[in-house]
Structure formats: structure tokens, C-alpha cells
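Residue numbers (UniProt numbering), protein chains in the order written: chain S, 1 to 325; chain V, 1 to 325. Where is the CB? At the ideal position from N, CA and C, for every residue including glycine.
Written out as C-alpha cells, the structure reads:
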């Protein structure tokens, strides 16, 4: 195999993490791929700022200049639906494969992107959109090649989960716990996305569309964040062995999916009871394979960058020649 | 894509499970593969017994008759190193892909089979050899394309784990718990493999060779089963919040792997504390991705058959055309 040329859209936490990981692990990656991975271009909002990349890497704010390069894969590490969606459509039209970590965009436009990619015979990978470093997309994709997935329950927002753990353990209120999360970099300056359940909602939609292979009707998704939870309830319930967890639930019956995103009280018997702090946890129940539980880091620069680069290897890995009669 | 022709070696629990699943899920599989899966031949020990398969499926005890068919993949659902290893070598020589659920064979001969398959440019998949329905092989394979795996801790023998759970919960001795496990079909008539730790040892070797990509020196693997554990210790320690778990530990330092297979006391803080009954649990710590936990059914006809058929889809799934400059 020759080399793989990558264009990176966005150079924030995830984008720069992907850049660093590819540079650091060039040797390991070359062995997996029998060829090297070259980052040929980086799209930034402001191209007047000097970035820490070699001179032969094009740094620009113009997508057309990026796509004028010989690019095999576009990695989307931007936040928000636009301009990311328009850029990815252009890239697909040009025959590029797509890897995205952009959950809001993929919740709204993932179904369309997957259809478009199928027409153009390119790959779309999106492991990093759900549960950070936990390989939930790949696990479900593999399961549904043989099984029906009938139920999913998951903690998909590490920030909310951290806040709830802190409220209980330190007996503090939501705002104090939130400030702590912000100081540690677990929460944004504007925490709405996390504490009102939008982030978990995006991930719920992405999982629901993966499991059913149909578009989800957003209006039918019940969404509540953690803001209505009172400190005294969190503390009092914990004395009875109950914990508040912000849980995404997918129930699939006769091909129809029911999605809820809401705080729930769980007992010690519940497999998500022990998923604490910024971890994410996912329970997947399928027809033949019973209940699988996956747990791990739900966010973070390196775990997220790692699954993006794993997606990259997955597309180009040297597989044995398939002989079919 | 055309159709995929499969030969099944062995028609016991796993073999017949694979057969049933492929028959039942023909429609779903055809969609995943854009083609059908046909079981063309089944190898049995005694071909005078009438099997519940259609007349156009060759049922024979002769491997050469099997391989004289137009076969694309051989599924090994036999137990033990030989004759399985010899049969699989013949199949690879003929250009067949291999899927195996045979852990003893793969522990002893997996390294050699993988090398041979590479030379012949065919695939070898073995998800079913470790942790039943829990996709640990695939998860680690994917991780190591980018990360170093530095530590693995796992409960890989459901029978031992069930016996230890029962000894603690019902305050019964090992023999009584073992009889219960045998009645439920969780343990064989000869339980040596499970309770002396051989089954977990095979799986530990398979994981160690996957993680290091080197042959494991069997003499350096420390193996103890659960038979030395006393009922009173299991009960008394549980009062202090400690549980006995039979744990496989891989520690990888500077490319060298250290493997132990032994019962250990774990506290409520340990992520394997809650893996109970016949479940398996695996903790994988890697360089960039922190600690992942996978948990699920460690055995059983359908979970095991499901991952075998998932391996089959993985080999032949229609992937988009890869355009590389």
C-alpha cells in the first residue's frame, strides 16, 4: 500500500490530539498499514495564528484549498452542524473517506451522510462521537450483523455523571459541583449542553440510528438534564443505596425505537450503578448475545484521538485478499 | 458479491449453534454481505449418525472430502489440538479462511496458524476462543493498531466464577457448588479444565500472544486453579468485603509479558468485584485510552455461535472501495 493522505478539519482539543498521535505513533501505524499516514492539510478558523506544524502542511481557513490537495480521508474535529456538514459533503463528492468526532453534526446529519457515502462508495466512521474511548459504535455494528439489538442503557455524558458523583460523595449542590468540574476542565464555560442533556441526546440519536438503520424522529425523544435534581434528594436516596444517574435508554420493539434521556434512580443491582465520575458505561442487550457491558473514559483528548486514529487504521488496514467463488 | 461457502468442523454445542444461527439469520446475513452464506459440508466424528441437516450438505468424517468441496471458510468447532490443527493447516494451504472457537488448539498453535495464514494471505479469526460473547479479541486488535496495551486483568472462566459466587452466597463447599454447576450445564463431567485453571490459562496465552505479537513461553506462566480455596475463607473474607476471583493478569513491560492465572482476593474497589456468576469480565489498560472494561456472557451456545458468525461477516462484509493515491 502507498501512503494515506489525511486532511484535518479543526485544530482544537480533538484535532490537535489526532495530529500528535499520528506523529508520535508513525512507526506503529506504518506497520499496521504497510504505509505511512501523512497529514497534508489542516483547516483552522483563523489562519493568521502560527500553528505548531511543519511548513509542508497546508494550514488554511479555506476548505476548497484543502480539498485541492490529494486527500484520501477527511477527519472532522469541528464542533457544530455547520460548516462541518457542508465541508464533509464536498469531501464525499470528491471520493474522500470521512471520520468524524462531531456529535451534534452527526446526530442531525449522520443519516444523510451515511446514505451519501454509500452512493459514493466511501467509508464514514464515527466512533469518537459516542462515549469517547469506549468502542460502542464498533461493538454494536458488529453485533447487528448477526443479532437484533433489543435494548441499550447508557451513561454517555461524563460531565453530568461527574457532577452527580460529587453531589453525592461531597454532599455539595449542583452549582458547586459544576464549578469543580469546570476547574478540572470536565465542563465548558457554558455547561448547557451537558447539564441539560443535549450532549447525551445527540449520542442517543446516533446510537438509535445505528441500531435501527432508520432516521430518528427527534420530537419523539424525551430529554431531561440533571438540573432538576436536588442535592438533598441525591444525598438522602444514597442512604437507601440509590444513586442518581443520567441515563440514555433505547428500547427497540418491532423495529420501532423508543428513546429517553433522563436522570434515573438506580440501585446497587443495576449494572450502571458503579459507573462513576467522568466514566461512560453502556449496556447492550441483543438477541443471541445477552447483555454486554462496556465501560471506560467517556471523553478526553487522548482517548478520543485514539479512537479517531483507530478508525483511520480500520479503513486502510491491509486485509488479506478475499477469495470468493 | 457471490455466495460464501462454509465448512463446519464439529457439530457439538458450538458447531450446531453456528449452523442454526446461519440458517435462522440468512436474511440479515445476506443484507450484510450482499450475498448468501451456504454451509456446504460438516465434519463429524461418526458419520453413521443421522444429523438434522438437508441432503445437499455433505456430512462426513473425512477432512479430504470436505476440502474437495468449493469451500471459502472453515469454521473449527472441534475441541483439542489434534486433529484440528492438522485440518486447519490443510485448509489454509488450500486458500481457505479460518474461524476457530477451539481455545486449547489456538493456545498451543495459534501463533503458528497466524503466521501460516499471513503467508497464504487468508484471514484467521478467533473471537470465540476467549470470553464467549464478549468481543475482547476485536477490541484489543483495534486498540493495538494505535496504542500499546500495558495491562490486562480478566475473569475468563465462567465455571470457576460461578462456583466462587455460589460458595460465598450459599455458604457451600467447592464440591457442592461444582455439582450445582454440572447440573446446570455450566461444568463438564470432568471439571479439571475449569477448576484447575487450564481453560483460563489457554485464554491467557491467546490474549498474551495477541497483545505482544510474540510467542508466549508456557513455562513462565504461573497457573493455579480454584481448588485450593477453602469454603470458610471465602465466607469469612466476604464479611470484610473481599471476594475470591479467579483472575488472569497480563503485565507488559518493555515488550515482555508476565502472565499469571490464579485466585485472588479483590475488594469492592476492584472493577472485577462485581463480575458474578458465569459472566466474564476484562479490564484492558492502554497507553492513550485509559482503562476499558468489557463484561458479558463468557460462554453458552448462542453467544459463542454469534461471535463466530460475526467473524464470518467481518471477513466478507462488503466494504467500500478504497481509493489510495
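What's the gap between the Cα of residue i and the Cα of residue j?
i: residue 71 (chain S); j: residue 37 (chain S); result: 11 Å
i: residue 275 (chain V); j: residue 178 (chain V); result: 18 Å
i: residue 205 (chain S); j: residue 102 (chain S); result: 13 Å
i: residue 154 (chain V); j: residue 130 (chain V); result: 10 Å
i: residue 3 (chain V); j: residue 196 (chain S); result: 49 Å
i: residue 214 (chain V); j: residue 145 (chain S); result: 31 Å
i: residue 46 (chain S); j: residue 198 (chain S); result: 28 Å
i: residue 295 (chain S); j: residue 271 (chain S); result: 10 Å
i: residue 251 (chain S); j: residue 221 (chain S); result: 12 Å
i: residue 13 (chain V); j: residue 115 (chain S); result: 40 Å
i: residue 135 (chain S); j: residue 139 (chain V); result: 7 Å
i: residue 323 (chain V); j: residue 253 (chain V); result: In this prediction, residue 323 (chain V) scores a pLDDT of 46, lower than 50, which makes its location untrustworthy; the coordinate-derived value is nonetheless stated afterwards. Distance between the alpha carbons of residue 323 (chain V) and residue 253 (chain V): 38 Å.
i: residue 74 (chain V); j: residue 248 (chain S); result: 40 Å
i: residue 293 (chain S); j: residue 64 (chain S); result: 43 Å
i: residue 302 (chain V); j: residue 297 (chain S); result: 30 Å
i: residue 68 (chain V); j: residue 61 (chain V); result: 13 Å
i: residue 329 (chain V); j: residue 26 (chain V); result: Given a span of 1 to 325 for chain V in the structure shown, any question on residue 329 (chain V) remains unanswerable.
i: residue 273 (chain V); j: residue 241 (chain S); result: 17 Å
i: residue 21 (chain V); j: residue 79 (chain V); result: 20 Å
i: residue 109 (chain S); j: residue 132 (chain V); result: 36 Å
i: residue 164 (chain S); j: residue 183 (chain S); result: 16 Å
i: residue 66 (chain V); j: residue 82 (chain V); result: 17 Å
i: residue 281 (chain S); j: residue 119 (chain S); result: 34 Å
i: residue 50 (chain V); j: residue 16 (chain V); result: 14 Å
i: residue 299 (chain V); j: residue 210 (chain S); result: 26 Å
i: residue 227 (chain V); j: residue 105 (chain V); result: 25 Å
i: residue 312 (chain S); j: residue 96 (chain S); result: 12 Å
i: residue 111 (chain V); j: residue 186 (chain V); result: 29 Å
i: residue 234 (chain V); j: residue 171 (chain V); result: 8 Å
Output, in chain order, the set of chain S residues within a Cβ distance shorter than 7 Å of residue i.
i: residue 328 (chain V); result: Since the first residue shown for chain V is 1 and the last is 325, residue 328 (chain V) is missing from the structure and cannot be characterised.
i: residue 291 (chain V); result: 296
i: residue 309 (chain V); result: 146
i: residue 306 (chain V); result: 146, 147, 288, 289
i: residue 32 (chain V); result: 145
Our contact map puts residue i next to residue j with C-beta atoms below 8 Å; I'd like the distance itself, whole angstroms only.
i: residue 306 (chain S); j: residue 149 (chain S); result: About 25 Å separates the two Cβ atoms, so there is no contact after all.
i: residue 126 (chain V); j: residue 86 (chain V); result: Going by Cβ atoms, the distance from residue 126 (chain V) to residue 86 (chain V) rounds to 17 Å, so no, they are not a contact pair.
i: residue 40 (chain S); j: residue 57 (chain S); result: 7 Å
i: residue 76 (chain S); j: residue 84 (chain S); result: 5 Å
i: residue 224 (chain S); j: residue 191 (chain S); result: Contact doesn't hold; Cβ gap of about 15 Å is too wide.
i: residue 261 (chain V); j: residue 243 (chain V); result: Rounded, the Cβ-Cβ distance is 17 Å, inconsistent with contact.
i: residue 289 (chain V); j: residue 143 (chain V); result: 6 Å
i: residue 246 (chain S); j: residue 157 (chain S); result: 6 Å
Taking residue i as the query, report the chain S residues whose CB atoms sit under 9 Å from its CB, ordered along the chain.
i: residue 243 (chain V); result: Going along chain S, no residue has its Cβ under 9 Å from residue 243 (chain V), so there is no contact; the nearest lies around 14 Å.
Could you name the residues of the same chain whose beta carbon sits closer than 7 Å to that of residue i, not counting the 5 residues immediately before and after it, in chain order?
i: residue 193 (chain S); result: 199
i: residue 325 (chain S); result: Any reading at residue 325 (chain S) must be qualified, since the residue scores a pLDDT of 43, below 50, and its modelled position is unreliable; the value itself is stated next. Hits under 7 Å: none found.
i: residue 124 (chain V); result: 98, 113, 114, 117
i: residue 137 (chain V); result: 126, 127, 130, 210
By Cβ distance, which residues of its chain are closer than 6 Å to residue i, with the 5 residues on each side in sequence left out?
i: residue 257 (chain S); result: 208, 212, 250
i: residue 29 (chain S); result: 37
i: residue 107 (chain V); result: 202, 205, 206
i: residue 316 (chain S); result: 4, 33
i: residue 128 (chain V); result: 101, 304, 307, 308
i: residue 229 (chain S); result: 244, 263
i: residue 216 (chain V); result: 205, 208, 209
i: residue 268 (chain V); result: 241
Can you find the residues in the same chain that come closer than 8 Å, C-beta to C-beta, to residue i, ignoring five residues on each side of it along the sequence?
i: residue 19 (chain V); result: 8, 11, 39, 42, 53
i: residue 89 (chain V); result: 113, 116
i: residue 173 (chain S); result: 167, 231
i: residue 237 (chain V); result: 243, 244, 265
i: residue 400 (chain S); result: Outside the shown range of chain S (1 to 325) lies residue 400 (chain S), about which nothing can therefore be said.
Any heavy atom of the ligand NAP within a distance shorter than 6 Å of the CB on residue i?
i: residue 138 (chain S); result: For the ligand NAP, the structure offers nothing, since it holds no ligand at all.
Strictly below 8 Å CB to CB, what residues from chain V border residue i?
i: residue 210 (chain S); result: In chain order: nothing, as chain V lies at least about 14 Å away.
i: residue 317 (chain S); result: 145
List the residues of chain V that residue i touches, going by C-beta distances under 9 Å, in chain order.
i: residue 313 (chain S); result: 142, 145, 146
Give the interface partners of residue i over in chain S, defined as CB-CB distance under 8 Å, in chain order.
i: residue 303 (chain V); result: 288, 289, 290
Practice task
Using a Cβ-Cβ cut-off of less than 7 Å, list which residues of the region 252 to 281 of chain S approach chain V; keep chain order.
Solution key: 274
Exercise for the section: Please name the residues in the region 114 to 134 of chain S whose beta-carbon is closer than 7 Å to at least one beta-carbon of chain V, in chain order. Expected result: Residues are counted here when their Cβ sits less than 7 Å from a Cβ of chain V; for the region 114 to 134 of chain S these are 121, 122, 123, 133, 134, given in chain order.
Problem - Members of the region 217 to 232 of chain V that neighbour chain S once the beta carbon cut-off is set at 7 Å - result: none
Handout entry: Against chain S: residues of the region 61 to 73 of chain V by CB proximity under 8 Å
Key = Result list: 70, 72.
Problem - Contact list for the region 139 to 169 of chain V against chain S, Cβ threshold 9 Å - result: 139, 142, 143, 144, 145, 146, 147, 148
Exercise for the section: Can you give me, in chain order, the residues of the region 18 to 29 of chain V that have a beta carbon less than 8 Å from any beta carbon in chain S? Expected result: Of all residues in the region 18 to 29 of chain V, those with a C-beta nearer than 8 Å to a C-beta of chain S are 21, 25, 28, 29, reading in chain order.
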